[in-house]
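Going by my numbering, the sequence shown opens with residue 2, and the numbers climb by one from there.
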Amino acid sequence: MKTEIVPKDCNRQEAFNLWMSSPMPMVTLVKTMDVTRLLRYSKKSGMSFNMLLCWCVGKAASAIEEFYVLPENGKLYRYDCLAVNVIVNNIKGGINSCDILYTDDLIHFNHDYMTMAQLVSQNCESSFLEEAMVIGTSAMIETELDCIVNQYAKEFNNPMVMWGKYRNRWLKTTLPISFEFHHVQMDGGHAAKFLEQLQAIITTELR
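Shown next as structure tokens:
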């Protein structure tokens with residue numbers, strides 16, 4: 002569920018005043034992650050690497066209050082749950098969008114991810130969760146990428162996590178991850194905290 006909130010009643014009032022009318026309110030941070038354990042867990046469990054990374058994104062975001070607040074159409078809303086969006090290749094050769102509700106239960110999230118992605122791919126119809134604060138993701142795994150800066154559309158203020166192909170090196174696998182966010186939703190410090198928590202979850206949660 003989402004509820005409209007008055008900016009002065011939360012800690013985003015100053016940011017709302019400064020950035021809500023900005024023609025380019027998005028900020029992008031890039032951090033190279035050590036995903037060695039994530040890749041090992043993927044191979045050991047048979048679970049998709051991208052699914053696991055999406056779960057880690059949701060888990061890191063769920064611990065940060067600012068992720069539950071989002072500017073939309075000149076107003077500010079608070080959500081009580083998070084979802085992770087993935088881009089799905091459909092059977093017609095195009096792409097569709099698919100929202101998966103985040104849960105701490107990895108097995109449950111994996112089931113929803115695989116079931117919904119397959120359904121969207123077969124039906125060639127996007128699936129959205131209007132009552133969740135959605136974190137967008139985009140995986141361009143055909144090539145190694147150093148950085149991704151997304152286009153800005155006023156209709157979509159949601160945070161976006163993007164990556165390319167992971168890099169296998171001697172005894173270590175790395176992956177540059179780009180994180181784009183609306184400055185009304187959070188400040189650079191919150192974004193940096195999210196990236197640090199994401200790395201910690203990748204390193205410690207999946208063994």
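Quick reminder that beta carbons are idealized off the backbone N, C-alpha and C, glycines included.
Option nearest residue 170 by Cα separation, candidates 27, 35, 20 | 35
Tell me whether residue 112 sits in a helix, a strand or coil according to DSSP, three-state version.
-> helix
Does the region 26-35 come close enough to the region 180-189 to have 3 or more Cβ pairs within less than 8 Å?
-> yes
Should residue 137 go down as buried or exposed, given a rule of 16 or more other Cβ atoms within 10 Å for buried?
-> buried
Run through DSSP, which three-state label would residue 60 get?
-> In the three-state reduction of the DSSP assignment, residue 60 falls in the helix class, which pools H, G and I.
Straight-line CA distance for residue 119 to residue 134?
-> 22 Å
Nearest to residue 85 by CA position, among 139, 44, 91, 75, is which residue?
-> 139
Hey, could you find the ends of the alpha helix (DSSP H) residue 42 is sitting in?
-> 37-46
Beta-carbon proximity list for residue 117, same chain, < 7 Å, skipping 5 on both sides | 99, 101, 128
Any chance the region 65-73 sits against the region 149-160, with 3 or more Cβ pairs inside 8 Å?
-> yes
Run through the region 133-172 for me and flag every whole beta strand (DSSP E) of 3 or more residues, listed as ranges in chain order.
-> Every beta strand (DSSP E) stretch that sits fully inside the region 133-172 and reaches 3 residues is listed by chain position as 134-140, 161-164, 168-170.
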